[in-house]
Amino acid sequence: MSSHSPPSSGSTLSNRGAALAARPGARDEADILYSRNWDLVTNPEGVVNLGTAENRLILDDVAEFIAEKKIKFEGADFDYGEGPWGSLRLRTAMAKFINAHFHPHSHLSPSNLTVSSGCTSLLSTLALTLANPNDAILLSSPSYIGFPSDMSLLAGLQPIYVRFPSSVDQFTSPPDAVVAAYSAALKHASDTGVAVKILVLCNPHNPLGRCYTKEVLVGIMQFCDRHEIHLVVDEIYALSVYSTPSATDVPFTSVLAVDWAKYIDENHLHQLYGLSKDFACGGLRIGSLYTRNVELQCAVSSLSVLHHSGTIPSLLASTLLEDTAWHDSFFATSRERLGRAAAFAKELLDKAAIPYAPGANAGFFLWVDLRRWLGEKDGDGGDEWAREEALSARMATEKVFMIGGRAQGTEEAGWYRFIFSRSEVVVREGVNRLVRALNASPDRCNAPVSKSGD
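Just add 3 to wherever you are in the sequence shown, counting from 1, and you've got our numbering.
What follows is the structure, given as structure tokens:
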């Protein structure tokens with residue numbers, strides 16, 4: 004037998020590598036979604052992607068801004084820079100931006116910021132430095148699809164989804180009622196021998212598109228403080244809050260705008276922001292971590308060498324963050340377009356008799372209710388998740404993509420995240436294809452959809 008023979012499992016990789024290789028083929032799926040996007044003229048047979056949370060309504064505005072700056076690169080811009088935790092210029096620009104737009108109770112200092120190659124890498128780094136393998140993170144249900152993988156892929160943490168009774172609105176109900184749901188989840192974890200080390204809050208929320216009241220934020224901070232749980236608040240959609248006709252919309256309140264030192268130990272509060280959403284710059288890979296925990300910052304900085312955002316992206320990000328005059332018009336335009344796009348999507352869904360959760364006024368998504376089209380409980384042993392998977396397969400056949408509820412930790416199958424931050428032509432085509440998918444199997448679907456999606 005050769006000394007170079009593969010292990011008995013047949014894999015040439017480590018156990019960790021083999022486990023990673025066995026995960027679903029995200030690379031193949033991405034090739035289909037991103038390289039074969041539908042276009043009425045150039046690619047009419049492509050896939051309509053209503054699943055990836057990007058604000059394509061302002062991409063050209065960002066490109067025009069950078070072009071107008073006529074940035075002249077110098078040789079030094081292509082070296083390693085000042086270190087993988089972000090240049091002083093970038094951290095200063097980020098601190099000034101957050102101070103201006105997030106209205107923190109105490110101004111941020113660049114020294115408390117660490118910049119990395121996006122919030123995904125920061126979440127992975129936080130998981131590695133704040134918890135041990137098999138420890139748990141608390142996530143509201145539903146939750147951003149990326150949180151579990153970001154914090155488990157390397158760190159090995161497990162998500163615990165917090166379920167809220169129908170009588171409790173996790174965003175606006177009295178804090179005691181909201182915290183009771185978190186307490187129940189924590190107790191269940193403790194009873195089963197699982198240690199909860201982190202609570203991740205997305206505000207504004209992905210995928211529900213809503214903001215938390217100050218009172219609920221305070222209640223969650225106090226809960227984390229009592230149980231010595233690290234609170235990580237992802238505020239990446241902070242400036243993507245738009246107007247709707249509703250008089251009950253909750254505005255965005257940053258956790259930093261609260262006098263948070265009254266409610267939680269400074270070593271347990273950590274805030275994230277990045278340029279992927281509000282600035283539509285997912286390709287720059289820029290994310291920032293604010294923490295007053297010196298030990299954590301040292302640990303994160305040690306891992307930053309693996310997540311360097313690069314000097315050219317940092318230079319472009321600094322340019323974007325520093326132009327305060329441009330910010331006013333840019334974000335006003337973004338909010339106006341998001342509001343108009345959300346209204347257009349709702350109009351199409353209403354015409355097609357497809358319901359969605361009310362109250363969204365932030366982000367790029369609606370929480371669409373497709374439970375009626377899951378089909379009868381026959382032949383699958385009553386497995387509602389199998390029926391959701393079948394519905395997703397029908398969407399794939401019609402070449403329209405949305406993310407189902409199971410991947411987002413929802414309690415009940417049939418909910419999907421619908422991205423509306425596309426051109427009206429794309430959204431209309433997506434709804435038309437969705438209608439065809441919902442009507443694709445009459446023997447399984449007892450709720451035909453109106454074909455008035457046009």
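All C-beta atoms in this analysis are idealised placements derived from N, C-alpha and C, irrespective of residue type, glycine included. If you're wondering where the values come from, they're calculated on a predicted model, not measured in any experiment.
### Query
For the candidate residues N209, G285, S337 and T400, whose alpha-carbon lies nearest to that of A410?
Working through the sequence shown from its first residue, we reach residue 410 at position 407. Considering only alpha carbons, the answer is N209.
### Within 7 angstroms, strictly: CB atoms of N58 and A283
Stepping through the sequence shown from its first residue, residue 58 is reached at position 55. Stepping through the sequence shown from its first residue, residue 283 is reached at position 280. Yes; because the gap between Cβ atoms is below 7 angstroms, this pair is in contact.
### Task
Can you grab the Cα-Cα spacing for the pair G342 / A21, in whole Å?
Working through the sequence shown from its first residue, we reach residue 342 at position 339. Working through the sequence shown from its first residue, we reach residue 21 at position 18. Cα to Cα, G342 sits roughly 45 angstroms from A21.
### Query
According to the neighbour-count rule (16 or more other Cβ atoms, all chains shown, within 10 Å of its Cβ), is V182 buried or exposed?
Numbered from its first residue, the sequence shown carries residue 182 at position 179. When all chains shown are included, V182 counts as buried.
#### Entry: Among V244, V253, R213 and L202, the one whose alpha carbon lies nearest that of L234
Against the sequence shown, residue 234 aligns to sequence position 231. Nearest option by C-alpha distance: L202.
### Task
Just tell me which of Y240, L292 and H271 has its CA closest to the CA of G285.
Within the sequence shown, the letter at position 282 stands for residue 285. Per the Cα distances, Y240.
### Secondary structure of I406, DSSP reduced to three states
Walking along the sequence shown from the start, residue 406 turns up at place 403. Here I406 sits in strand by DSSP.
### Query
Just the Cα atoms here: how many angstroms apart are D381 and E391?
Locating residue 381 in the sequence shown gives position 378, where the first residue counts as 1. Locating residue 391 in the sequence shown gives position 388, where the first residue counts as 1. In this predicted model, D381 has a pLDDT of only 49, less than 50, meaning its place in the structure is not dependable; the value taken from the coordinates is given anyway. Their backbone Cα atoms lie some 14 angstroms apart in a straight line.
### Message
Short of 7 angstroms in beta carbon distance, which residues of its chain neighbour L394, apart from the five on each side in sequence? Order them along the chain.
### Response
Along the sequence shown, one-based indexing puts residue 394 at 391. Annotation for L394: L373, W376 and L377 place their beta carbon closer than 7 angstroms to its own, counting only its chain and skipping 5 residues before and after.
### Task
Let me know if G78 comes out buried or exposed under the rule of 16 or more other beta-carbons within 10 Å of its beta-carbon.
Counted from its first residue, the sequence shown places residue 78 at position 75. Here G78 is exposed. Its C-beta has fewer than 16 other C-beta atoms within 10 Å.
### Query
What separation, rounded to the nearest whole angstrom, lies between the Cα atoms of W418 and A360?
As a first step, residue 418 is located in the sequence shown; it is residue number 415 there, counting from the start. As a first step, residue 360 is located in the sequence shown; it is residue number 357 there, counting from the start. Per the coordinates, the alpha-carbon of W418 lies some 10 angstroms from the alpha-carbon of A360.
#### Entry: Cβ pair S90, S317 closer than 7 angstroms
By 1-based counting over the sequence shown, the position of residue 90 is 87. By 1-based counting over the sequence shown, the position of residue 317 is 314. The answer is yes: Cβ separation under 7 angstroms.
### Query
Are the stretch 295 to 303 and the stretch 141 to 148 touching, with three or more C-beta to C-beta distances below 8 angstroms?
No, the stretch 295 to 303 is not in contact with the stretch 141 to 148.
### Task
Could you tell me whether the Cβ atoms of L351 and F421 are closer together than 7 angstroms?
As a position in the sequence shown, residue 351 is number 348, starting the count at 1. As a position in the sequence shown, residue 421 is number 418, starting the count at 1. The Cβ-Cβ distance between L351 and F421 does not fall below 7 angstroms.
### Message
Using 8 angstroms for Cβ pairs, my map puts W88 next to S246. What's the rounded Cβ distance?
### Response
Stepping through the sequence shown from its first residue, residue 88 is reached at position 85. Stepping through the sequence shown from its first residue, residue 246 is reached at position 243. So it is not a contact: roughly 37 angstroms between Cβ atoms.
### Distance, R19 Cα to E269 Cα
Taking the first residue of the sequence shown as 1, we reach residue 269 at position 266. Taking the first residue of the sequence shown as 1, we reach residue 19 at position 16. Spanning the two alpha carbons is a distance of roughly 35 angstroms.
### Message
Short of 8 angstroms in beta carbon distance, which residues of its chain neighbour G49, apart from the five on each side in sequence? Order them along the chain.
### Response
Here residue 49 corresponds to residue number 46 of the sequence shown, with the count starting at 1. The beta carbon of G49 is closer than 8 angstroms to those of R39, N40, W41, D42 and K402 in its chain, skipping five residues each way along the sequence.
#### Entry: Given 8 angstroms, three or more beta-carbon pairs between the stretch 186 to 195 and the stretch 158 to 175
The stretch 186 to 195 makes contact with the stretch 158 to 175, as at least three CB pairs between them are under 8 angstroms.
### Query
R397 by DSSP, collapsed to three states: which one?
Translated into positions along the sequence shown, residue 397 becomes position 394. R397 falls in the helix class under three-state DSSP.
### Message
With a threshold of 7 angstroms on Cβ separation, who are the neighbours of M405 within its own chain once the five nearest residues in sequence on each side are excluded?
### Response
In the sequence shown, residue 405 corresponds to position 402, counting from 1. The beta carbon of M405 sits closer than 7 angstroms to the beta carbons of L53, G54, M398, Y419, R420 and F421 from its chain, once the five residues preceding and following it are set aside; these are given in chain order.
### Message
For T15 and H311, I'd like the C-alpha separation in whole angstroms.
### Response
By 1-based counting over the sequence shown, the position of residue 15 is 12. By 1-based counting over the sequence shown, the position of residue 311 is 308. About 29 angstroms.
### Message
Which residue marks the beginning of the beta strand (DSSP E) containing I163, and which one marks its end?
### Response
Residue 163 sits at position 160 when you count from the first residue of the sequence shown. Per DSSP, the unbroken beta strand (DSSP E) holding I163 starts and ends at Q161 to V165.
### Task
Could you check how far apart the C-beta atoms of T123 and D153 are, in whole angstroms? I think they sit under 8 angstroms.
Here residue 123 corresponds to residue number 120 of the sequence shown, with the count starting at 1. Here residue 153 corresponds to residue number 150 of the sequence shown, with the count starting at 1. About 5 angstroms; that satisfies the 8 angstroms criterion.
### Query
In whole angstroms, what is the alpha-carbon distance linking C205 and G412?
The residue given as residue 205 occupies position 202 in the sequence shown. The residue given as residue 412 occupies position 409 in the sequence shown. Spanning the two alpha carbons is a distance of roughly 14 angstroms.
### Query
What residue does the alpha helix (DSSP H) around Y185 start on, and which one ends it?
Taking the first residue of the sequence shown as 1, we reach residue 185 at position 182. That run of the alpha helix (DSSP H) goes P178 to D194.
### Query
Hey, quick one: how far does the alpha helix (DSSP H) through G222 stretch, first residue to last?
Locating residue 222 in the sequence shown gives position 219, where the first residue counts as 1. Its alpha helix (DSSP H) spans residues K217 to H230.
### Task
Taking P254 as the reference, give the member of A264, D262, W263 and S243 with the closest Cα.
Numbered from 1 along the sequence shown, position 251 holds the residue referred to as residue 254. Of A264, D262, W263 and S243, the smallest CA-CA separation from P254 is found for S243.
### Query
Going by Cα to Cα distance, which pick from F334, V258, P248 and L156 is closest to L111?
One-based indexing of the sequence shown puts residue 111 at position 108. Of the candidates F334, V258, P248 and L156, the residue whose Cα lies closest to the Cα of L111 is V258.
### Task
Assuming D252 contacts N364 (C-beta within less than 8 angstroms), just tell me the rounded distance between them.
Here residue 252 corresponds to residue number 249 of the sequence shown, with the count starting at 1. Here residue 364 corresponds to residue number 361 of the sequence shown, with the count starting at 1. At roughly 4 angstroms, the Cβ-Cβ gap stays under 8 angstroms, so D252 and N364 are in contact.
### Query
When we look at the beta-carbon of V308 and count the other beta-carbons within 10 Å, is it buried (16 or more) or exposed?
Within the sequence shown, residue 308 is the residue found at index 305, counting from 1. Counting Cβ neighbours within 10 Å, V308 comes out exposed, since fewer than 16 surround it.
### Message
Restricting to runs no shorter than 3 residues, where is the beta strand (DSSP E) found entirely within the stretch 302 to 381?
### Response
368 to 372, all fully within the stretch 302 to 381.
### Query
Sorted by chain position, which residues of the same chain lie with C-beta nearer than 8 angstroms to N46's C-beta, five sequence neighbours on each side aside?
Looking up residue 46 in the sequence shown gives position 43. The answer, listed in chain order, is R39 and N40.
#### Entry: Short Cβ contact (7 angstroms threshold) for S321 with L36
As a first step, residue 321 is located in the sequence shown; it is residue number 318 there, counting from the start. As a first step, residue 36 is located in the sequence shown; it is residue number 33 there, counting from the start. The criterion of a C-beta distance shorter than 7 angstroms is not satisfied by S321 and L36.
### Query
With a CB to CB cut of under 8 angstroms and the five nearest residues on each side skipped, what residues in its chain are close to R295?
The count along the sequence shown starts at 1 and reaches residue 295 at position 292. If we look at R295 and ignore the five residues flanking it on each side, its Cβ neighbours are N115, E269, N270 and L272.
### Of the listed residues L125, G385, C227 and H230, nearest to G458 (C-alpha basis)
Residue 458 lies beyond the residue range present for the chain, which begins at 4 and ends at 457; the question has no answer from this structure.
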